[in-house]
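Residue numbers (this note's numbering): 397 to 621.
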């Protein structure tokens, strides 16, 4: 499972890091899940922060939260190709994965860049006509790197800083986009267990981002992983 992440950068630092305008106030989000309103930058407004709903639901019974594209792929399905015509980056500072340690038990882990540097996931967006044309979005995922592979076969697509603007340029072609789809380097990431409280969807506290003794989703301590 990799449908949880965080973004808690203060407004002033968002402006400096992403070189954008940030209207209104920004509240820290330590435990973001599908359906939440999140901070993105779209190719339509690359100089301004936009609020979007995580999950593309237009003409779909079930919202799409993630779009998997295999590393080194040479082409995509027609549906994915269409989605890639409207791109965004999803602002983040960490994400969560659950490692299966037994038939029922799973340990939550947090993954960040080294030195806790904020970053951006690659994403796609659409207008949602069923929700007052609110922008909705989905996260691009790809094959896991060596660090993540023992936990999950897939990883959110983290864009290196120098590739963020290329992802957002409307002139960037599909042939130029596909080479960007590859897992982030393992040696630039850190991974550590966090409290099982992260399983509470409505819990938005700094504590869920902090290192913790490994516990499963039931709050049981795990001695061996």
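Here a beta-carbon is modelled for each residue, glycine too, at the ideal position from N, C-alpha and C. Predicted model only: the values in this text are computed from it and were never measured.
Three CB pairs or more closer than 8 Å across the segment 457 to 469 and the segment 554 to 571: no
Counting pairs of Cβ atoms below 8 Å between the segment 430 to 447 and the segment 413 to 420, do you hit three or more? yes
Shortest alpha-carbon distance to residue 545 belongs to which of 603, 463, 579, 480? Closest by alpha carbon: 579.
Return the bridge partner residues of residue 464 from the DSSP annotation. 537
Helix, strand or coil for residue 449 per DSSP? strand
Excluding sequence positions up to five away, which residues of its chain have a Cβ less than 7 Å from the Cβ of residue 601? 426
Starting from residue 496, trace the beta strand (DSSP E) in both directions and tell me its first and last residue. 490 to 496
Thinking just about the alpha-carbon of each residue, which of 412, 522, 607, 584 is nearest to the one in residue 591? A check of alpha carbon separations from residue 591 across 412, 522, 607, 584 identifies 607 as the nearest.
Suppose you measure from the CA of residue 474 to the CA of residue 480; what does that come to, to the nearest Å? Put simply, the backbone Cα of residue 474 is about 10 Å away from that of residue 480.
Hey, would you say residue 540 sits closer than 7 Å to residue 461, going by beta carbons? With contacts defined by Cβ atoms closer than 7 Å, residue 540 and residue 461 do not form a contacting pair.
Out of curiosity, what's the CA-to-CA distance linking residue 543 and residue 408? 32 Å
In chain order, what residues of the same chain have a beta carbon less than 6 Å from the beta carbon of residue 593, not counting five sequence neighbours either side? Within the same chain, residue 593 has close Cβ partners 599, 604.
Could you pull out every residue in the same chain whose Cβ sits closer than 8 Å to the Cβ of residue 482, ignoring the five residues on either side in sequence? 438, 439, 440, 520, 521, 522
Distance between residue 484 and residue 566 (C-alpha atoms, nearest Å): 10 Å
Alpha carbon to alpha carbon, how far is residue 464 from residue 552? 9 Å
Quick one: using the 10 Å Cβ neighbour count with 16 as the cut-off for buried, is residue 583 buried or exposed? Exposed: under 16 other Cβ atoms inside 10 Å.
Paired residues, beta bridge with residue 524 - DSSP: When beta bridges are read from the DSSP output, residue 524 appears opposite 530.
Boundaries (first-last residue) of the alpha helix (DSSP H) holding residue 411: 407 to 414
Where do the ends of the alpha helix (DSSP H) carrying residue 476 lie? Residue 476: member of the alpha helix (DSSP H) spanning 474 to 479, first to last residue.
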